[in-house]
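Down below is the structure, laid out as structure tokens.
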Amino acid sequence: MNGTLIRLTARQLLGQKRTVLLLLFGLVPVLIAVLYRVAGNDEPQRWAASALNARLIIGTFLPLAALVFGTAALGSEFEDGTAVYILSKPIPRRVIVLSKLLVSWLATAGVVLAATVVATIIALWGEPRDGILVGFALAVVAGALVYCALFMWLSVLTSRALIVGLLYVFIWEGVITRLFAGVRFFSVRQYTLGIADTVVDVPARVFNPRLGEMEAVALATITTALTVYLAVRRLRRWEIGEAS
Amino acid sequence: MSAPAPPIAVINVSRWYGNIVAVNDISFALGPGITGLLGPNGAGKSTMLHMLSGFLQPSAGELRVFGESAWENPGMYRRIGLVPEREAVYPFLTGYEFVLLAAQLQRLPNPEEAARQAIAMVELEDAAGRATGGYSKGMKQRVKIAAALVHDPEILLLDEPFNGADPRQRLQMMAMLREMAARGRTILFSSHILEEVERLAEEVLVIVAGRLAASGDFREIRKLMTDRPHTFNVRSSDNRALAAALVADPSVYGVELQDGLLQVRTGEFAAFTLAIPGVARQAGVSIYELRPTDESLESVFSYLVKR
Amino acid sequence: MPPADQRTGSIYDLGYRRYDGLRLGRQHAVLSLYVYTLRGAFGIGRRASSKIIPIIITVIAFLPALIQLGVAAIVSDEVDIIRPENYFGFVQVPVALFCAAIAPEITGRDMRQRTLSLYFSRALERRDYALAKLAAFATALMVLTLAPQALLLVGNGLASKDLADYVGDNWKDMPRTIISGVGIAAAMGAVALAIAAQTSRRAYATIAVVAWFLVTWPISGILVAEVGGAGRAAALLSPFDFVYGATLWVFDVEPDQDSVQDLAEIPLWGYGAAVAAYAAAGTALVIRRFGRIAA
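Residue numbers (my numbering), protein chains in the order written: chain A, 230 to 473; chain B, 844 to 1150; chain C, 3 to 297.
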């Protein structure tokens, strides 16, 4: 880790306009939770776990936020041509990737965790939480790391990382995982849901992830380590674009 | 112990993209001083600089910076500074912060002081507190140079450094580079503008279509071009008499009289310059002016490019 | 060229001439921009790497038609034929991806490379530029919405035992298919372009377009299905939901049990009105954007 790089990346990612937009983005699940409570329904636990957290936050908000920060942390430097300034310094490439990853992870986790905690507390106001709050809070923080590492690797690999990442999240994880059960072993969304299950203590009717707890933790760890390794390797051999 | 490795050694280096050859079997070695990398657009200058700075892998051959490979070797950036061609900067950083960033990433013991000194070297003190996003082209160019030399590198690589600089800034930058060269630094800059190279470079490397067409002092290169006659313009007390006398000299190919001016073509630069004073004295002619017409880099360059 | 006199300056006539032929004018300029933009949307005339993504997405849009025709050809002609309204339900996904990937290219290139001023200094007016770009993008989307169905129609017609019968059974679907296909392309295309045109940075534009499609979708789902009440109006927020509602209206089909359109209890013509309103609002925003932008 390198303090200078961390500060630089934080300034890149948290420009004023972007931060305001992201905070608005984080407000959406909270607003939905308020509307849900106002309407008053009979199964708040099932709604909070399966609809609010699993589908809305982990299915959409977490990957989108990770896509924004994970591809921007390094990818925008390639696009703008500023990458040369950090790469032409005697810093191990591992340190560059890890520093950029740390900031994009904290930014993603910060926005999504705040939304998860506030929205879940509202959705389960006066109801037993049975680990739903802590479980999903833990899951989004862990999931943010896996997603950011994956998208950062994509951003070193291709200049269209954003589009490739979108195809991954919404075609692979969203559609194909539903059609072919085996694909769940290659879906960060399923890892994230599995990690939530390590703490969440509710009947399967309320929340039932498709991966076991240990499988999810192991696969998430392997994916993070592998994508970080691949990103570092790729960055070591990064070549400047011809006409760029 | 063998002799210390030269700052830059390029041995039979080629680089191709698919089936397009950008750099074709180039070899040279560089020591302290200013070298100009000259060539038309698309000749492979940037490819060469990118390989030297470790941002392109040579497809063949060896490329050594202080005896070490430039590829996959971030440690070498302690000793080299790179000024890329693109004007990109971090628009939200001020000029001072941008140079400070470079100093901190170089892990200098006193980055603030180093950044201030580098900014002073490029005379950017007045604008150092402003965001670089609002800089003009010339200011961006100078802040990039300041960032590249903040750690006082032994090698400075500059890709088209005078783009966008106004004439006064250009002179100032040239003076600064000369001063660095005088302190024993190795400086390599690329340019497609002859006038810049001619004024600044002690040595030139001419790259044409990916191949090294010539290297060395361009006046020396000119002398090697024996298949093309040298032309001298002579003004004297009696051009016609001098012409008649010169035609008799074996080193002279031809003479031409224009009003008030005698043009002499010769195949041997040295022999001719040695012979002419004697010939003139014998003919009883005094020479007022003797000037080679095409010793400018431009004529050398157009010769090499067209060959 | 005569030899130069060495002491006095001379200017030689190199034979440059002013163009004094016919100028094709504004209409032709608009048409040229339209064709150029439409080709560019699919990467035609651009380098190979710009072709990959539009081609992949276009292939995704054609997949069901190809699969159905393939199966029908191999197995028998008694295969379930994909209904046009169901095809539209599917094709929305590639259309959204196309919007996210390509809408930022339509105007973003001109904004990034500062070529807008070159356009505006020609016969073209700002409004013409906006409309030509929008029309080209909507046409590109119609390739995704209409071409696979045209292929299906022709393929199924040729595969059926009696062509006249097939035409008799299906002629009613043709105008409906065209209306739906044009409506989807116009509404999604206009709004996506209006969003993408706000920034010259490709990444931001893509994210903003994606957010419009994908953030509103679960919101609409949850508000309609779980919250109810006034929340049911959220079906009109999500492009996937209101566009599909409009398709159901055009084909005069009842929504599936428990689908968003079923639970929302909005009359189906309301979705048709929403499609028209979004298309109009998007167009107005694109025109406004290029009317004001500093070229």
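Even glycine gets a Cβ: it sits at the ideal position worked out from N, Cα and C.
Helix or strand or just coil, what does DSSP make of E915(B)? coil
Between R466(A) and A140(C), what straight-line distance do the alpha-carbon atoms span, to the nearest angstrom? 41 Å
Would you please verify whether the beta carbon of I350(A) is less than 8 Å from any beta carbon of chain C? no
Are V229(C) and D243(C) touching if we call contact CB-CB under 8 Å? no
If you reduce the DSSP assignment to three classes, tell me which class G201(A) lands in. With chain A covering 230 to 473 only, the question about residue 201(A) has no answer from this structure.
Report yes if the C-beta distance between S912(B) and L1000(B) is below 8 Å; otherwise report no. no
Helix, strand or coil at D868(B) [DSSP, three-state]: strand
List the whole-angstrom C-beta distance separating M230(A) from V324(A), where the pair is believed to meet the contact cut-off of C-beta under 8 Å. 6 Å
Going by DSSP, what residues sit across from R859(B) in a beta bridge? Note that residue 859(B) is Trp in the sequence shown, not Arg. Per DSSP, V864(B).
Would the beta-carbon of L379(A) fall within 8 Å of that of V417(A)? yes
Hey, does R929(B) have any beta-carbon neighbour from chain A nearer than 8 Å? yes
Within its chain, find whatever has a CB closer than 6 Å to the CB of A134(C); leave out the 5 residues flanking it on each side and keep chain order. V32, L35 and Y36
Of the listed residues I221(C), L239(C), F64(C) and A205(C), nearest to A152(C) (C-alpha basis): F64(C)
Does any residue of chain B have a CB that is nearer than 8 Å to the CB of G310(A)? yes
Do we get a CB-CB distance below 8 Å when we pair Q984(B) with the residues of chain A? no
What did DSSP end up calling I469(A) once you bin it into helix, strand or coil? coil
The alpha helix (DSSP H) enclosing R186(C), as first and last residue numbers: One detail in the question is off: residue 186(C) reads as Ile in this sequence, not Arg. I186(C) -> alpha helix (DSSP H) spans D175 to A198.
Rounded to whole angstroms, how far is the Cβ of T975(B) from the Cβ of T937(B), which I believe are closer than 8 Å? 7 Å
Would you mind stating whether R28(C) and L126(C) have Cβ atoms separated by less than 8 Å? yes
At a CB distance below 7 Å, what residues from the segment 886-915 of chain B approach chain A? Give them in sequence order. H893, S896, F898, L899, Q900 and E915
Quick check: is the beta carbon of Q1201(B) nearer than 8 Å to any beta carbon in chain A? Within the shown structure, residues of chain B are numbered from 844 to 1150, placing residue 1201(B) beyond reach of any answer.
Beta-carbon within less than 6 Å of Y38(C)'s beta-carbon, same chain only, minus the 5 sequence neighbours each way: which residues are those? none
Rounded to whole angstroms, what is the Cα-Cα separation between F281(C) and A192(C)? A small fix is needed here, since residue 281(C) is Ala in this sequence, not Phe. Their Cα atoms are separated by approximately 6 Å.
Using the beta-carbon of each residue, which ones in chain A are nearer than 8 Å to E228(C)? Y265, A268, N270, W276 and A280
Which residues in the same chain have their Cβ closer than 6 Å to the Cβ of E1111(B), if we skip the five residues on either side of it in sequence? S1094
Can you give me the C-alpha to C-alpha distance between E87(C) and D426(A), rounded to a whole angstrom? 39 Å
Go through its chain and collect everything with a Cβ distance to I268(C)'s Cβ below 8 Å, but skip five positions before and after it. R234, A235, A237, L238 and G247
Proximity of G304(A) and S333(A) at Cβ, strictly below 8 Å: no
By the 9 Å beta-carbon criterion, what residues does the segment 959-993 of chain B contribute toward chain A? K987, A990 and A991
Within-8 Å CB hit, P917(B) to chain A: yes
Residue range of the beta strand (DSSP E) that includes G1097(B): V1095 to Q1101
Please name the residue in L327(A), V363(A), L253(A) and F365(A) whose C-alpha comes closest to that of C377(A). L327(A)
Any chain A beta carbon closer than 8 Å to L40(C): no
Exposed or buried, G924(B), counting other C-beta atoms within 10 Å across all chains shown (16 or more means buried)? buried
Starting from F436(A), find everything on chain C with Cβ-Cβ shorter than 9 Å and list it in chain order. Chain C residues near F436(A): none, gap ~15 Å exceeds 9 Å.
Give a yes or no on whether the C-beta atoms belonging to L143(C) and V97(C) are separated by under 8 Å. yes
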